[in-house]
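As numbered in this note's numbering, residues 1 to 368 make up the sequence shown, in order.
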Amino acid sequence: MGERMGKAPKKTYKIAVLPGDGTGPEVLTEGLKVLNAAARTYDFSLDLTEFDFGGERYLRTGEILPEGAADELKKFDAIYLGAIGHPQVKPGILEKGILLKLRFELDQYINLRPVRLYPGVETPLSHKGPDHIDYVVVRENTGGLYTGAGGASLKGTENEVAVQSMVYNRFQVERCLRYAFEYTRMFGKKARGKGSKNTLGLVGKTNVLTYVFDLWERTFHEIGEADYPDVEREYYHVDATCMWMVKSPEWFDVLVTGNMFGDIITDLGAITQGGMGIAAGGNINPQGVSMFEPIGGSAPKYTGQNVINPLASVCAGAMMLETLGETEAAARIEDAVKEVTGSKLKSMSAGHMGYSTSEVGDLVADLV
Ligand code: IPM
Ligand code: MN
């Protein structure tokens, strides 16, 4: 009794755990190992509830996502996801039916994807190091080409027509841009002591997509000028962005873009930061429940071999803690990951790390 007096009750976070398919469960186990180590050090606890959404469940029951799944998930503080995608299920079914459905139904309208090269990690960009590859992509996550608006007619004939529309309204564009401006103000290069300005770059294609990116560009400058004059604004076409991501990534601070361009450029970004084994992302609803995942997918051929790199999942876990407000614990995990990449791992690739999946988890957990 006496011992407890005056001590604030321990903070507990309710986390929905979705291991998913392929190597998802393995990497998530290591992520949870690290998160639990951080919980012990920083005196909070995680109340975990597992859901079996994924390919195995679909093949067994024929159901992709149970009725009411999104509502159930809304009761949690955050969602921690392994990977979605099963070799025996036609591509698209699980991705659309689980991953995209949850992003949409939980209105996770931001996909936050840091592109950060950690010490000791090999990058295909020669002459570039951790000081050069250190930026963040804010990808709009619920609109654009992903809304599924479109259709086909005369299917199977020579005259078949297919249309898929890039749909954005002002509301979607504005809330995404506002998030990006706020993020830049808080975590841009000046805010992090790494530069003299906080810069937000809009990535678009105003020279061809003259309706959609006109909306983005006008909104960008309008709200930037009115509400974020301290944030430097830049604009890049998406094709040129790809070029600069390879040639001069150090130019970038925070980039904001639509859903499809964001999907594409973040795979390019991921490979420059050492590949899918290390790239993490957060599907964020700033007012609701967010979902954190390694961006690499289920890598089915490595399933069950204890060779997959769990660091992307570990980093996704750190992003989750940051969003929950456990910023010190999150920073400690990121530092531990840097320590491990800098002094231990031989490579980020599955099977070439010099350690097994679970050993990599142990190495990081021991440091937090
Ligand atoms: C991603 C993935 C998904 C996307 C797929 C699996 C639907 O590529 O998270 O980047 O296109 O958003
Ligand atoms: Mn992608």
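The beta carbon of each residue, even a glycine, is placed where N, CA and C say it ideally should be.
Can you tell me whether A211 is buried or exposed, with buried defined as 16 or more other CB within 10 angstroms of its CB?
-> Mapped onto the sequence shown, residue 211 falls at position 211. The question names Ala, but residue 211 is Tyr in the sequence shown. Exposed.
Check whether the Cβ of D77 sits closer than 7 Å to any heavy atom of ligand 2, and report yes or no.
-> The count along the sequence shown starts at 1 and reaches residue 77 at position 77. It does not: the Cβ of D77 is nowhere closer than 7 Å to a heavy atom of ligand 2.
For A180, count neighbouring C-beta atoms within 10 Å of its own C-beta (all shown protein chains included) and say buried if the count is 16 or more, exposed if not.
-> Your numbering for residue 180 matches position 180 in the sequence shown. Buried: at least 16 other Cβ atoms inside 10 Å.
If M353 and V360 are in contact, beta carbons under 8 Å, what's the gap, nearest whole angstrom?
-> On the sequence shown, position 353 is the one that residue 353 refers to. On the sequence shown, position 360 is the one that residue 360 refers to. 6 Å between Cβ atoms; contact.
Reference P310; option with closest CA among L18, T29, A16, G304 = What you label residue 310 is simply residue 310 of the sequence shown in a count that begins at 1. Of the listed residues, the one whose Cα sits closest to P310 is T29.
Only counting runs of 4 or more residues, tell me where the alpha helix (DSSP H) segments fall wholly within the segment 325–356, in order along the chain.
-> 327–343
Return helix, strand or coil for M245, following the three-state DSSP convention.
-> Counting from 1 along the sequence shown, the entry for residue 245 is found at position 245. It is helical.
Between the segment 273–293 and the segment 107–122, are three or more C-beta pairs nearer than 8 Å?
-> yes
Report yes if the C-beta of D456 is less than 7 Å from at least one heavy atom of ligand 1; otherwise report no.
-> With the chain covering only 1 through 368, there is no way to say anything about residue 456.
May I have the straight-line CA-CA distance separating K74 from R57, to the nearest angstrom?
-> Position 74 of the sequence shown, counted from the start, is the residue given in the question as residue 74. Position 57 of the sequence shown, counted from the start, is the residue given in the question as residue 57. Going from the Cα of K74 to the Cα of R57 covers about 21 Å.
3-residue-minimum beta strand (DSSP E) runs that sit fully inside the segment 139–206, ordered along the chain = 150–153, 161–164, 199–204
Note down the Cα distance separating G204 from N259, rounded to an integer number of angstroms.
-> Here the question's residue 204 lines up with position 204 in the sequence shown. Here the question's residue 259 lines up with position 259 in the sequence shown. Answer to the nearest angstrom: the Cα atoms are 11 Å apart.
Below 8 Å, can you find three or more Cβ-Cβ pairs linking the segment 118–133 to the segment 85–92?
-> no
Could you have a look at P19 and say whether DSSP puts it in helix, strand or coil?
-> The residue you call residue 19 lines up with position 19 of the sequence shown. It is a strand residue.
If we ignore side chains and look at the alpha-carbon of each, how far apart do P267 and V167 end up?
-> By 1-based counting over the sequence shown, the position of residue 267 is 267. By 1-based counting over the sequence shown, the position of residue 167 is 167. In the sequence as displayed, the identity of residue 267 is Asp instead of Pro. Near 22 Å, if we compare the C-alpha coordinates of V167 and D267.
Integer-rounded CB distance, given that T41 should sit under 8 Å from V17 = Against the sequence shown, residue 17 aligns to sequence position 17. Against the sequence shown, residue 41 aligns to sequence position 41. Not quite, the Cβ-Cβ distance comes to about 21 Å (not below 8 Å), so this is no contact.
Note down, one range per segment and in chain order, each beta strand (DSSP E) of at least 3 residues found wholly within the segment 27–67.
-> 44–50
Could you tell me which residues DSSP puts in a beta bridge with Y80?
-> Residue numbering aside, residue 80 sits at position 80 when the sequence shown is read from its first letter. DSSP, once it has assigned bridges, lists V17, F292 as partnering Y80.
Three-state secondary structure (DSSP) of E270 = Numbered from 1 along the sequence shown, position 270 holds the residue referred to as residue 270. The residue asked about is misnamed: residue 270 is Ala in this sequence, not Glu. A270: helix per DSSP, three-state reduction.
Can we count E95 as close to ligand 1, meaning its CB is less than 7 Å from some heavy atom?
-> By one-based count along the sequence shown, residue 95 stands at place 95. Yes; taking the cut-off as 7 Å, the Cβ of E95 has a heavy atom of ligand 1 nearer than that.
Pairwise C-alpha distance: D263 and N141 | As a working mapping, residue 141 is identified with position 141 in the sequence shown. As a working mapping, residue 263 is identified with position 263 in the sequence shown. Each residue's alpha carbon lies about 9 Å from the other.
Which residues share a DSSP beta bridge with E232?
-> Translated into the one-based positions of the sequence shown, residue 232 becomes position 232. For E232, which the question treats as bridged, DSSP gives the partners T199.
Is P294 closer than 8 Å to G22 when the C-beta atoms are compared?
-> Counted from its first residue, the sequence shown places residue 22 at position 22. Counted from its first residue, the sequence shown places residue 294 at position 294. Their beta carbons are not under 8 Å apart, which means G22 does not touch P294 by this criterion.
Using the rule of at least 16 other Cβ atoms within 10 Å of the residue's Cβ for burial, across every protein chain shown, is N169 buried or exposed?
-> Residue numbering aside, residue 169 sits at position 169 when the sequence shown is read from its first letter. Burial call: exposed.
Heavy atom of ligand 1 less than 7 Å from the Cβ of L99, yes or no?
-> Taking the sequence shown and counting its residues from 1, the one referred to as residue 99 is at position 99. Flag set: Cβ of L99 near ligand 1.
Report buried or exposed for M348, applying the criterion of at least 16 other Cβ atoms within 10 angstroms of its Cβ.
-> The sequence position of residue 348 within the sequence shown is 348, counting from 1. Buried: at least 16 other Cβ atoms inside 10 Å.
Where G20 and V256 are concerned, what is the direct C-alpha to C-alpha distance, given to the nearest angstrom?
-> If you number the sequence shown from 1, residue 20 lands on position 20. If you number the sequence shown from 1, residue 256 lands on position 256. Cα to Cα, the separation comes out at about 29 Å.
Please confirm whether any heavy atom of ligand 4 lies closer than 7 Å to the CB of D21.
-> Ligand 4 is absent from the structure shown, which contains only ligand 1 and ligand 2.
In or out: A189 buried (at least 16 other Cβ within 10 Å) or exposed?
-> Looking up residue 189 in the sequence shown gives position 189. In the sequence as presented, Ala is not what sits at residue 189; that position holds Lys. Under this definition K189 is a buried residue.
What number of angstroms, rounded off, separates the C-alpha of Y235 from the C-alpha of L100?
-> For the purposes of this step, residue 235 is identified with residue 235 of the sequence shown, where counting begins at 1. For the purposes of this step, residue 100 is identified with residue 100 of the sequence shown, where counting begins at 1. Distance between the alpha carbons of Y235 and L100 is about 28 Å.
The segment 267–279 touching the segment 311–322, judged by at least three CB pairs closer than 8 Å = yes
Below 8 Å on the Cβ atoms is my guess for M291 versus T272; work out the distance and round it to an integer in Å.
-> Looking up residue 291 in the sequence shown gives position 291. Looking up residue 272 in the sequence shown gives position 272. At roughly 24 Å, the Cβ-Cβ gap does not stay under 8 Å, so M291 and T272 are not in contact.
When DSSP labels each residue in this structure, what does P114 get in the three-state scheme?
-> Position 114 of the sequence shown, counted from the start, is the residue given in the question as residue 114. In the structure shown, P114 sits in a strand (DSSP, three-state: E or B).
Tell me whether G2 sits in a helix, a strand or coil according to DSSP, three-state version.
-> Residue 2 sits at position 2 when you count from the first residue of the sequence shown. Annotation note: pLDDT 48 at G2 (below 50); position unreliable, no value reported.
Let me know the secondary structure DSSP gives A299 once reduced to three states.
-> Your numbering for residue 299 matches position 299 in the sequence shown. A299 falls in the coil class under three-state DSSP.
For D107, verify whether its CB is less than 7 Å away from any heavy atom of ligand 2.
-> In the sequence shown, residue 107 corresponds to position 107, counting from 1. For ligand 2, not one heavy atom lies less than 7 Å from the Cβ of D107.
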